[in-house]
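Per the numbering used here, the sequence shown runs over residues 300 to 622. Beta carbons are placed, not taken as given, at the ideal position from N, Cα and C, and that holds for glycine. Comments concern the structure below.
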Amino acid sequence: MCHTEQGGEDLKVTKIDESIAHSTEPAKLRVAAYCRVSTGTDEQQESLETQIRHYESYIKANPNWEYAGLYYDEGITGTKIEKRPDLLRMIADCENGRIDYIVTKSISRFARNTTDCLELVRKLQKLGVFIYFEKENIDTGNMESEFMLSILSGFAESESVSIAENNKWSIQRRFQNGTYKISYPPYGYDNVDGEMVVNQPQAEIVRFIFSEILSGKGTHQIANELNRRNISTKKGGRWTATTIRGMAGNEKYTGDAIFQKTYTDGSFNRHSNKGEKNRYLIQNHHEPIISHEVFDTAQAAIEQRGKEKGVEKHPTKYLNRYP
Numbered sequence: 300m301c302h303t304e305q306g307g308e309d310l311k312v313t314k315i316d317e318s319i320a321h322s323t324e325p326a327k328l329r330v331a332a333y334c335r336v337s338t339g340t341d342e343q344q345e346s347l348e349t350q351i352r353h354y355e356s357y358i359k360a361n362p363n364w365e366y367a368g369l370y371y372d373e374g375i376t377g378t379k380i381e382k383r384p385d386l387l388r389m390i391a392d393c394e395n396g397r398i399d400y401i402v403t404k405s406i407s408r409f410a411r412n413t414t415d416c417l418e419l420v421r422k423l424q425k426l427g428v429f430i431y432f433e434k435e436n437i438d439t440g441n442m443e444s445e446f447m448l449s450i451l452s453g454f455a456e457s458e459s460v461s462i463a464e465n466n467k468w469s470i471q472r473r474f475q476n477g478t479y480k481i482s483y484p485p486y487g488y489d490n491v492d493g494e495m496v497v498n499q500p501q502a503e504i505v506r507f508i509f510s511e512i513l514s515g516k517g518t519h520q521i522a523n524e525l526n527r528r529n530i531s532t533k534k535g536g537r538w539t540a541t542t543i544r545g546m547a548g549n550e551k552y553t554g555d556a557i558f559q560k561t562y563t564d565g566s567f568n569r570h571s572n573k574g575e576k577n578r579y580l581i582q583n584h585h586e587p588i589i590s591h592e593v594f595d596t597a598q599a600a601i602e603q604r605g606k607e608k609g610v611e612k613h614p615t616k617y618l619n620r621y622p
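What follows is the structure, given as structure tokens:
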């Protein structure tokens, strides 16, 4: 209520009731959530969907919060921030003033690198955006939490390295005994219960490509012909000369498989294996689409065309199939 008192002939003083002065509701916090799972397995996918449902309900249930969206990355291992597009999108939205507060499951889901974690937290703090880590019960709005955050994120980073090393050891063992499963087989094959199985319609295209190479056609000509026929690549895209050369140098079409063509260093960067690590040739690993003779002849034909054009290229020579 307002109370009016006379303070003189022309002076009028109005007292504002305290309850009215503070009756305006405070603006709601715009709260977003971030989720991540490390692999694309069915179990992890289910975990992600559970997290999505949980945070949407969790945020909307708080009357002081406004749901600002849910950001998630799936099937992406957790060391490099630049490999998590939705995390980067969330940070951009924070910079553009769309988010006030973030909730996430744990430090290891947010960042497994201590430096990255602290840099992100500090960057967001400067924007007035704070993070709540449920598992650790840490709210970065409390500056006293940074010391604990640095310790816990250090543990998370160590865990990430430990898991990576265990995975490497397991993969190496499967390389050595020939039991490694190829999750994403090349064009011409499907993954059926972890085994490479010939996709007959695609296999016909593979045979056509090698036949064209042996007849003297160039990779550009072959790619153009496939595009003219409206035949798509495995990912539904258009054919290129690079795609054809890659197929021509892929030993898997002979039924063999070379493992550890690439490797990951201590900084989680991937490199082509040029002798730094052992490679493993598994012969008769799966059903072939072409013979070794056709494969080797195609390799020689492509190499010869490269020499004639003055290009010294060796498209993953099959001579390298032996470690």
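Of the residues the options, the one placed nearest residue i, counting alpha carbons only
i           : options               : result
residue 585 : 497, 441, 576 and 605 : 497
residue 406 : 574, 439 and 427      : 439
residue 349 : 335, 362 and 360      : 335
residue 604 : 512, 387 and 398      : 512
residue 398 : 329, 429, 361 and 600 : 329
residue 485 : 441, 510, 417 and 534 : 534
residue 499 : 526, 489 and 527      : 489
residue 382 : 589, 409 and 600      : 409
residue 437 : 425, 539 and 401      : 401
residue 483 : 556, 360, 351 and 583 : 556
residue 581 : 574, 551 and 390      : 551
residue 390 : 583, 545, 361 and 425 : 425
Nearest-angstrom Cα separation, counted from residue j out to residue i
i           : j           : result
residue 518 : residue 487 : 18 Å
residue 358 : residue 326 : 15 Å
residue 616 : residue 415 : Low confidence applies to residue 616: its pLDDT is 45, below 50, so where it sits in the model is not reliable enough to give any reading.
residue 523 : residue 531 : 12 Å
residue 434 : residue 420 : 17 Å
residue 321 : residue 380 : Low per-residue confidence applies at residue 321: pLDDT is 49, beneath 50, and the placement is therefore not dependable, though the value from the model is reported in the following sentence. Straight-line Cα distance between these residues: approximately 43 Å.
residue 594 : residue 521 : 16 Å
residue 579 : residue 572 : 12 Å
residue 547 : residue 576 : 24 Å
residue 606 : residue 516 : 15 Å
residue 529 : residue 506 : 17 Å
residue 602 : residue 592 : 15 Å
residue 492 : residue 387 : 35 Å
residue 431 : residue 395 : 20 Å
residue 614 : residue 589 : The predicted model places residue 614 with a pLDDT of 46, which falls under 50 and marks its position as unreliable; any figure quoted below should be read in that light. In a straight line, the C-alpha of residue 614 is about 18 Å away from that of residue 589.
residue 558 : residue 422 : 41 Å
residue 427 : residue 369 : 19 Å
residue 510 : residue 598 : 12 Å
residue 600 : residue 494 : 31 Å
residue 514 : residue 574 : 34 Å
residue 360 : residue 418 : 30 Å
residue 441 : residue 429 : 9 Å
residue 596 : residue 583 : 19 Å
residue 352 : residue 539 : 42 Å
residue 367 : residue 354 : 11 Å
residue 545 : residue 362 : 56 Å
Proximity of residue i and residue j at Cβ, strictly below 8 Å
i           : j           : result
residue 373 : residue 347 : yes
residue 332 : residue 403 : yes
residue 587 : residue 541 : no
residue 371 : residue 392 : no
residue 537 : residue 526 : yes
Cβ-Cβ separation, residue j to residue i (assumed contact under 8 Å), whole Å
i           : j           : result
residue 508 : residue 543 : 6 Å
key: Residue ranges of each alpha helix (DSSP H) within the segment 491-553, 4 or longer   = 499-513, 518-527 and 540-547
request  = Tell me the start and end of each unbroken beta strand (DSSP E) in the segment 352-428 that is at least 3 residues and wholly inside, in chain order.
outcome  = 364-372 and 400-403
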